[in-house]
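Step one of this worksheet: look at the structure below.
Residue numbers (the working numbering): 1 to 206.
In structure tokens:
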């Protein structure tokens with residue numbers, strides 16, 4: 001009888017230890033699972049037109065004032081050309097707001113683009129676009145491009161400057177058919193300038 005009692009006590013103790021170990025193991029597994037770092041989902045910054053304009057306007061005003069350009073036109077062009085900073089070319093790490101091709105300080109990025117074959121037919125090719133470190137670099141380079149003109153005509157963009165265009169409307173007209181082949185380019189820029197009252201940035205801060 002005594003041996004039976006001792007055996008029963010032993011079984012109870014062993015069973016208790018087993019249950020304790022199982023509970024401890026389950027708690028450990030739950031803790032480890034909760035403690036694992038959760039993957040961070042990367043979210044692409046998506047600007048609205050208003051948000052993007054607010055972001056670039058002060059810098060655009062400073063650069064446009066320095067080079068004698070209309071800040072309103074620069075802001076509208078950057079917004080239109082870059083899809084409010086949301087295009088792949090305009091997003092980090094490229095920051096190309098105006099779709100300028102070539103290299104900048106030896107840096108470029110290859111992206112697919114559509115080219116006219118001269119007969120009105122479009123074909124997709126990979127082209128090198130200038131790559132910048134910031135929006136400010138992109139806007140400065142754009143201003144320099146307009147100032148220097150093209151290799152065949154240094155005064156190609158002369159009429160886009162305040163010294164030649166008495167209004168921003170004249171500047172957008174000068175960009176139509178030269179900077180962009182879109183026949184409604186000036187109307188699109190003018191509409192954006194009017195919608196967001198961008199002409200207020202044309203006033204010199206000096």
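We put the beta carbon where it would ideally sit given N, CA and C, even for glycine.
In the DSSP assignment, the residues bridged to residue 107 are 104. Two segments are said to touch when three or more pairs of C-beta atoms, one from each, lie closer than 8 Å; by this definition the stretch 49-60 touches the stretch 71-79. In terms of Cα proximity to residue 162, the closest of 70, 149, 57, 63 is 70.
Rounded to whole angstroms, the separation of the alpha carbons of residue 168 and residue 176 is 13 Å. When DSSP states are grouped into helix, strand and coil, residue 52 belongs to the helix group.
Going by C-alpha positions, residue 192 is about 11 Å away from residue 172. For the alpha helix (DSSP H) assignment, the uninterrupted runs of no fewer than 4 residues enclosed by the stretch 64-101 are, from N- to C-terminal side, 71-81. Contact between residue 101 and residue 128 holds: CB atoms are separated by about 6 Å, below the 8 Å threshold. By the 16-neighbour rule on beta-carbons within 10 angstroms, residue 94 is buried.
Counting only the Cα atoms, residue 205 lies some 43 Å from residue 125. Of the candidates 104, 136, 106, 179, the residue whose Cα lies closest to the Cα of residue 85 is 136. Under the DSSP assignment, residue 128 falls in the beta strand (DSSP E) whose first and last residues are 122-130. For residue 186 and residue 151, the gap between their C-alpha atoms comes out near 24 Å. The alpha carbon of residue 159 has as its nearest neighbour, out of 198, 68, 96, the alpha carbon of 68.
Excluding sequence positions up to five before and after residue 66, its CB lies within less than 8 Å of the CB of 143, all in the same chain and listed in chain order. A distance below 7 Å between beta-carbons, with the five flanking residues on each side excluded, links residue 190 to the following residues of its chain, in chain order: 169, 172.
In the DSSP secondary-structure assignment, residue 112 is bridged to 126. By the neighbour-count criterion, in which 16 or more other beta carbons inside 10 Å mark a residue as buried, residue 138 falls on the buried side. Taking the CA atoms as reference points, residue 105 sits about 24 Å from residue 75.
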